[in-house]
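*Asks:* Below is the structure I would like to discuss, written out as structure tokens.
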């Protein structure tokens with residue numbers, strides 16, 4: 001628990017402005033992008049540089065406090081939800097781009113730098129940072145490291161782990177270590193790779209060195225409407241079979257397009273059953289040749305409209321239509337759950353048909369927006385809390401995630417396990433698998449004080465119902481209170 | 001107690017700060033609106049629109065400065081939710097964080113879910129004004145602002161003092177101001193915002209009627225504004241000349257007073273409603289087709305008169321009719337570009353355009369001013385990095401929250417410097433005052449209409465030699 005002495009020490013370290021102790025302030029940190037799980041932290045601290053982060057972690061160690069590192073708090077799996085009686089270490093004051101090394105094509109960043117800011121800063125040198133989560137305007141590189149974030153263009157370029165060279169990390173005891181190296185290839189076990197995607201359970205990254213790529217010479221994008229989801233799915237299969245590697249292949253169904261069009265006016269056809277956004281990039285002649293092949297494949301599968309944006313501005317508008325889709329769904333439904341699962345690409349049509357059937361059985365609408373190229377689904381289960389549909393929606397969402405595992409896929413493509421799906425981990429991993437993960441975690445953090453309760457299943461969480469926040473009946477009756 | 005009956009006992013935050021709930025507040029807390037009263041509290045449907053995605057964070061000026069959740073749009077909406085449930089009182093932390101909001105509405109632009117933060121804030125601020133007792137100094141300072149700024153005559157009188165002060169101001173004043181204790185920082189802020197006043201401009205009047213040059217397009221009523229007319233009179237003159245040159249009869253009723261924007265944006269709803277009614281009546285008498293304004297803040301609140309007076313059966317319809325006629329000057333000039341009457345002479349200059357929040361975010365007018373500027377031969381328009389982030393002016397914010405406003409002003413000034421532009425243009429007197437403070441003398445600063453006016457007349461724009 002927090003005592004005055006501890007607060008004083010944090011204040012001495014971080015100044016008065018760097019420590020939040022008032023209840024109203026603390027409550028604004030009780031959840032991240034997944035509002036269904038809430039927990040008021042005991043303390044929120046806002047260090048200003050790497051040294052202060054290490055100092056804050058050492059103080060947590062001294063007082064035996066668990067802690068959660070938090071970036072922009074946009075995660076959709078409850079990974080940055082605070083721990084009861086724990087400290088939130090917000091990295092939102094560490095937003096400096098420390099170096100852009102043009103010659104070696106890399107950038108050194110503080111963890112709070114927004115993903116999109118990296119590409120903006122690199123643009124004058126003809127460089128950019130490839131992984132582009134849909135929330136890239138707000139999600140931070142530190143969060144991207146924790147979740148091993150993907151994005152539309154990861155089909156061709158890979159995930160965060162393929163672009164991070166080196167990190168400075170503060171471990172739970174406050175020691176500072178360097179994982180990876182500036183050149184990418186390091187001798188010994190790949191601890192850098194282990195850390196990326198560990199969801200904050202191994203330590204706090206305080207600086208991240210990323211690879212920058214040369215902006216492609218040519219980019220061609222097509223927005224293609226299809227008469228059915230199946231036709232769109234088959235098109236994706238044929239593109240891959242033709243040995244074309246698009247930079248991105250995204251699919252949206254009519255419900256998702258309806259919402260997104262209302263929010264962005266991106267030029268999506270709202271009454272089309274499905275659409276693909278396909279992008280090719282690379283050397284001009286290669287892109288032109290493949291683009292012709294690509295449009296021919298679309299037409300062969302009965303594409304009803306091919307919209308080819310000519311200017312960069314127009315292309316960005318189409319992408320805005322795709323990237324704003326999650327949040328835009330708020331316009332067509334009072335409440336919704338974003339699911340994140342992966343299936344083998346060859347089973348796309350099958351999984352979509354089954355999701356549609358499951359939705360019909362549950363009496364709920366499901367909108368689909370996803371990275372079709374790598375089979376990463378994002379079904380959005382629409383429901384109304386007020387109409388009492390919450391439980392049915394939650395069940396449908398979980399069933400969809402477990403269906404992905406059943407079809408040979410994964411519980412999560414890029415949003416992480418966090419709090420939300422910790423209980424489903426045994427559906428995907430054997431107890432031996434989980435035990436080895438746990439042993440690795442203990443090697444880094446023997447007291448389990450780094451983001452405890454996330455990623456790995458624990459009995460306490462599995463007793464609680466995931467989804468949107470619901471007051472406990474005893475809470476409503478005034479018997480207990482949620483701090 | 002600050003708890004709401006349906007959510008059970010929660011922590012009583014007010015007592016921790018040693019404050020007591022006033023008797024009226026006890027009544028308020030018993031209602032269905034939590035800590036809000038029943039007069040237009042933030043609507044639950046509007047609160048529900050927020051899905052907590054965080055897309056608003058990067059463009060929020062206070063979040064950009066401090067990175068703290070409760071000083072972000074998403075955090076403030078979260079606080080409104082808690083207040084609506086009666087879990088937290090309006091006094092204390094709630095008021096602090098809502099007061100710190102600039103009301104720039106950048107979050108409304110950024111939000112993919114269509115959250116109407118503008119309406120939420122406009123519903124919340126009057127609640128605070130009604131229920132939170134401010135410190136005596138704070139009350140006095142706010143009253144002083146609202147006793148001075150919305151009155152042209154008082155501003156003119158003040159301008160004499162201001163001009164005199166600036167002439168006589170000894171150099172040692174800078175040193176003295178730097179040593180003023182922290183608690184007077186607002187007065188220091190006010191002092192430093194004072195523009196170079198020319199008494200002749202301050203007392204000049206716009207002609208009540210200016211005939212169109214050539215064939216008439218119609219009859220435009222011009223809002224001359226308060227600060228605009230006294231401190232930026234040449235902008236009004238340029239506006240009249242451009243409108244007339246483009247074929248409009250320009251009517252500028254002498255009896256017009258403040259539009260109420262300054263008060264409305266600070267939560268002084270009743271005062272704003274009274275001012276709105278007076279202005280509506282004035283322009284009804286003027287019998288105009290269009291009502292033009294060259295002030296972003298005024299235009300944004302005049303376009304909202306329909307909502308402001310929706311509850312008043314005598315005024316609701318008249319207010320909507322008025323609002324439907326309101327156009328920013330850049331919208332009007334933009335519409336004439338297809339068929340321009342007045343020839344533009346070249347102005348060779350690299351121009352940087354700053355989006356005033358109440359034009360860009362609140363009225364979504366971004367492309368019009370750029371198009372009318374590009375229509376001037378020789379103008380090279382350049383874009384500003386972080387153009388979506390407020391300069392810190394925000395109505396009376398730079399006087400009430402000088403520290404945050406100063407940080408934002410310096411940040412904006414750095415971005416402007418980085419463009420290497422020859423001239424800065426922006427369509428709001430507040431922005432001009434604020435930016436001038438941090439870029440004084442470095443480059444000319446004008447309203448876009450002054451550039452257009454100079455181009456039509458074939459003269460060098462003011463301040464540009």
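Chains as they are written, first to last, in full-length UniProt numbering: chain Z, 1 to 483; chain F, 1 to 465.
Each residue gets a CB set at the ideal place from its N, CA and C atoms; glycine is no exception.
1) Using a beta-carbon distance cut-off of less than 7 angstroms, what residues from the region 330 to 341 of chain Z approach chain F?
2) Apart from the five residues just before and just after residue 291 (chain F), which ones in its own chain have a Cβ nearer than 6 angstroms to its Cβ?
3) What whole-angstrom Cβ distance do residue 174 (chain Z) and residue 57 (chain Z) have, given they're in contact under 8 angstroms?
4) Residue 71 (chain F) and residue 97 (chain F) - do their beta-carbons sit closer together than 8 angstroms?
5) Residue 210 (chain Z) lies in the beta strand (DSSP E); which residues open and close that run?
6) By Cβ distance, which residues of its chain are closer than 7 angstroms to residue 30 (chain F), with the 5 residues on each side in sequence left out?
7) Which bits of chain Z does residue 389 (chain F) rub up against, with CB to CB less than 8 angstroms?
8) Which of the three DSSP states is assigned to residue 446 (chain F) in this structure?
9) Counting only Cβ pairs nearer than 9 angstroms, list the residues of chain Z close to residue 58 (chain F).
10) Given a limit of 7 angstroms on CB to CB distance, which residues of the UniProt domain "4Fe-4S ferredoxin-type" (92 to 115) of chain F reach chain Z?
11) Quick one: residues in its chain with C-beta nearer than 8 angstroms to the C-beta of residue 3 (chain Z), no 5 flanking neighbours on either side, listed in chain order?
12) Counting only beta-carbon separations shorter than 8 angstroms, does residue 256 (chain Z) have a partner in chain F?
13) Can you tell me which of F:211, F:377, F:399 puts its alpha carbon nearest to the alpha carbon of residue 248 (chain F)?
14) Give a yes or no on whether 8 angstroms exceeds the smallest Cβ distance from residue 343 (chain Z) to chain F.
15) Measure how close the beta-carbons of residue 39 (chain Z) and residue 127 (chain Z) come, nearest whole angstrom, since I'm counting them as under 8 angstroms.
16) With 9 angstroms as the C-beta to C-beta threshold (strictly closer), list the residues of the region 32 to 49 of chain F near chain Z in chain order.
17) Tell me the DSSP secondary structure of residue 333 (chain Z) in three-state form.
18) What would DSSP say about residue 18 (chain Z), mapped onto helix, strand or coil?
19) Roughly how many whole angstroms lie between the Cα atoms of residue 341 (chain Z) and residue 358 (chain Z)?
20) Measuring only between beta-carbons, confirm whether residue 67 (chain F) sits less than 8 angstroms from chain Z.
21) Using CA atoms only, rank isn't needed, just tell me which of F:208, F:236, F:270, F:269 is closest to residue 255 (chain F).
22) Can you tell me whether residue 210 (chain F) is helix, strand or coil according to DSSP?
23) In the DSSP assignment, find the alpha helix (DSSP H) that holds residue 234 (chain F) and state where it starts and stops.
24) Leaving out five residues before and five after residue 460 (chain Z) in sequence, what residues of the same chain have Cβ atoms less than 6 angstroms from its Cβ?
25) Helix, strand or coil for residue 426 (chain F)? Go by DSSP, reduced to three states.
26) For chain Z, check one thing: does any of its Cβ atoms lie closer than 8 angstroms to the Cβ of residue 352 (chain F)?
27) Taking DSSP's pairing of strands, which residues face residue 90 (chain Z) in a bridge?
28) Round the Cβ separation of residue 213 (chain F) and residue 155 (chain F) to the nearest angstrom and send it over; I've been treating them as touching at under 8 angstroms.
29) Compare the beta carbon distance of residue 377 (chain Z) and residue 329 (chain Z) with 8 angstroms and say whether it is the shorter of the two.
30) Which value, in whole angstroms, describes the spacing of the CA atoms of residue 374 (chain Z) and residue 374 (chain F)?
31) So, do the region 167 to 184 of chain Z and the region 133 to 144 of chain Z have three or more beta carbon pairs nearer to each other than 8 angstroms?
32) Can you tell me where the beta strand (DSSP E) with residue 399 (chain F) in it begins and where it stops?
33) Going along the chain, which residues of its own chain have a beta-carbon closer than 7 angstroms to the beta-carbon of residue 338 (chain Z), five neighbours each way excluded?
34) Tell me whether residue 217 (chain Z) is buried or exposed, calling it buried when 16 or more other Cβ atoms sit within 10 Å of its Cβ.
35) For a cutoff of 8 angstroms on Cβ pairs, would you count residue 460 (chain Z) as touching chain F?
36) Within the 8 angstroms Cβ cut-off, does residue 79 (chain F) reach chain Z?
*Replies:* In brief:
1) Per Cβ criterion, the list reads 330, 331, 334.
2) Counting from 1 along the second chain, the entry for residue 291 (chain F) is found at position 291. Closer than 6 angstroms at the Cβ level, and outside the excluded window around residue 291 (chain F), lie 221, 283, 325, 326.
3) Walking along the first chain from the start, residue 174 (chain Z) turns up at place 174. Walking along the first chain from the start, residue 57 (chain Z) turns up at place 57. With 8 angstroms as the limit, residue 174 (chain Z) and residue 57 (chain Z) qualify as a contact, their Cβ atoms being about 5 angstroms apart.
4) Numbered from 1 along the second chain, position 97 holds the residue referred to as residue 97 (chain F). Numbered from 1 along the second chain, position 71 holds the residue referred to as residue 71 (chain F). In this structure, residue 71 (chain F) lies closer than 8 angstroms to residue 97 (chain F) by Cβ.
5) Stepping through the first chain from its first residue, residue 210 (chain Z) is reached at position 210. Run containing residue 210 (chain Z): 204 to 211, per the beta strand (DSSP E) assignment.
6) As a working note, residue 30 (chain F) is residue 30 in the second chain. Note on residue 30 (chain F): pLDDT 45, under 50, position unreliable in the model; no value is reported.
7) In the second chain, residue 389 (chain F) corresponds to position 389, counting from 1. None at all; the shortest Cβ gap to chain Z is about 13 angstroms.
8) Counted from its first residue, the second chain places residue 446 (chain F) at position 446. Three-state DSSP puts residue 446 (chain F) in a strand.
9) By 1-based counting over the second chain, the position of residue 58 (chain F) is 58. Chain Z residues near residue 58 (chain F): 72, 114, 116, 117, 137, 138.
10) Of all residues in the UniProt domain "4Fe-4S ferredoxin-type" (92 to 115) of chain F, 93, 94, 112, 113, 114 have a Cβ within less than 7 angstroms of some Cβ in chain Z.
11) Here the question's residue 3 (chain Z) lines up with position 3 in the first chain. No residues qualify anywhere along the chain.
12) What you label residue 256 (chain Z) is simply residue 256 of the first chain in a count that begins at 1. Output row for residue 256 (chain Z): interface = no.
13) Numbered from its first residue, the second chain carries residue 248 (chain F) at position 248. Closest option to residue 248 (chain F), Cα to Cα, is F:211.
14) Within the first chain, residue 343 (chain Z) is the residue found at index 343, counting from 1. Not closer than 8 angstroms to any Cβ of chain F, the Cβ of residue 343 (chain Z) fails to qualify, so no.
15) Working through the first chain from its first residue, we reach residue 39 (chain Z) at position 39. Working through the first chain from its first residue, we reach residue 127 (chain Z) at position 127. The pair is not a contact, with the Cβ atoms about 40 angstroms apart (cut-off 8 angstroms).
16) For chain Z, the residues of the region 32 to 49 of chain F that bring a beta carbon within less than 9 angstroms of one of its beta carbons are 45, 48, 49, in chain order.
17) The residue you call residue 333 (chain Z) lines up with position 333 of the first chain. In the structure shown, residue 333 (chain Z) sits in coil (DSSP, three-state: anything other than H, G, I, E or B).
18) Translated into positions along the first chain, residue 18 (chain Z) becomes position 18. Here residue 18 (chain Z) sits in helix by DSSP.
19) If you number the first chain from 1, residue 341 (chain Z) lands on position 341. If you number the first chain from 1, residue 358 (chain Z) lands on position 358. Spanning the two alpha carbons is a distance of roughly 16 angstroms.
20) Against the second chain, residue 67 (chain F) aligns to sequence position 67. For residue 67 (chain F), the answer is yes, since a Cβ of chain Z falls inside 8 angstroms of its Cβ.
21) Residue 255 (chain F) sits at position 255 when you count from the first residue of the second chain. Ranking F:208, F:236, F:270, F:269 by Cα distance to residue 255 (chain F) puts F:208 first.
22) For this step, residue 210 (chain F) is matched to residue 210 along the second chain. Secondary structure at residue 210 (chain F): strand, using DSSP grouped into helix, strand and coil.
23) For the purposes of this step, residue 234 (chain F) is taken as the residue at position 234 of the second chain. For residue 234 (chain F), the enclosing alpha helix (DSSP H) begins and ends at 233 to 245.
24) Counting from 1 along the first chain, the entry for residue 460 (chain Z) is found at position 460. Here the model assigns residue 460 (chain Z) a pLDDT of 41, short of 50, so the residue's position is not dependable and the matter cannot be decided.
25) Counting from one through the second chain, the residue named residue 426 (chain F) turns up at place 426. Three-state DSSP puts residue 426 (chain F) in a strand.
26) By one-based count along the second chain, residue 352 (chain F) stands at place 352. Closer than 8 angstroms: no.
27) Here residue 90 (chain Z) refers to the residue found at position 90 when the first chain is read from its first residue. Looking at the DSSP assignment, residue 90 (chain Z) forms a beta bridge with Z:70.
28) As a working mapping, residue 213 (chain F) is identified with position 213 in the second chain. As a working mapping, residue 155 (chain F) is identified with position 155 in the second chain. Taking a contact as a CB-CB distance under 8 angstroms, the pair residue 213 (chain F) and residue 155 (chain F) does not count as one, their CB atoms being some 31 angstroms apart.
29) In the first chain, the residue the question calls residue 377 (chain Z) occupies position 377. In the first chain, the residue the question calls residue 329 (chain Z) occupies position 329. It is not a contact, given that the beta carbons lie outside the stated cut-off.
30) Working through the first chain from its first residue, we reach residue 374 (chain Z) at position 374. Working through the second chain from its first residue, we reach residue 374 (chain F) at position 374. Each residue's CA atom was taken as its position, placing residue 374 (chain Z) and residue 374 (chain F) some 45 angstroms apart.
31) With contact defined as three or more Cβ pairs closer than 8 angstroms, the region 167 to 184 of chain Z and the region 133 to 144 of chain Z are not in contact.
32) Against the second chain, residue 399 (chain F) aligns to sequence position 399. Where residue 399 (chain F) is concerned, there is no enclosing beta strand (DSSP E), although the alpha helix (DSSP H) around it starts and stops at 397 to 400.
33) What you label residue 338 (chain Z) is simply residue 338 of the first chain in a count that begins at 1. Taking C-beta separations shorter than 7 angstroms and ignoring five residues to either side along the sequence, the partners of residue 338 (chain Z) in its chain run 76, 326, 378, 380, following chain order.
34) Numbered from its first residue, the first chain carries residue 217 (chain Z) at position 217. If you draw a 10 Å sphere on the C-beta of residue 217 (chain Z), you find fewer than 16 other C-beta atoms in it, and that means exposed.
35) Sequence index remark: in the first chain, residue 460 (chain Z) carries index 460 (1-based). Legend: pLDDT at residue 460 (chain Z) = 41, less than 50; position of this residue unreliable, value from coordinates given subsequently. It does not: the Cβ of residue 460 (chain Z) has no partner Cβ on chain F nearer than 8 angstroms.
36) For this step, residue 79 (chain F) is matched to residue 79 along the second chain. With 8 angstroms as the cut-off, residue 79 (chain F) counts as an interface residue toward chain Z.
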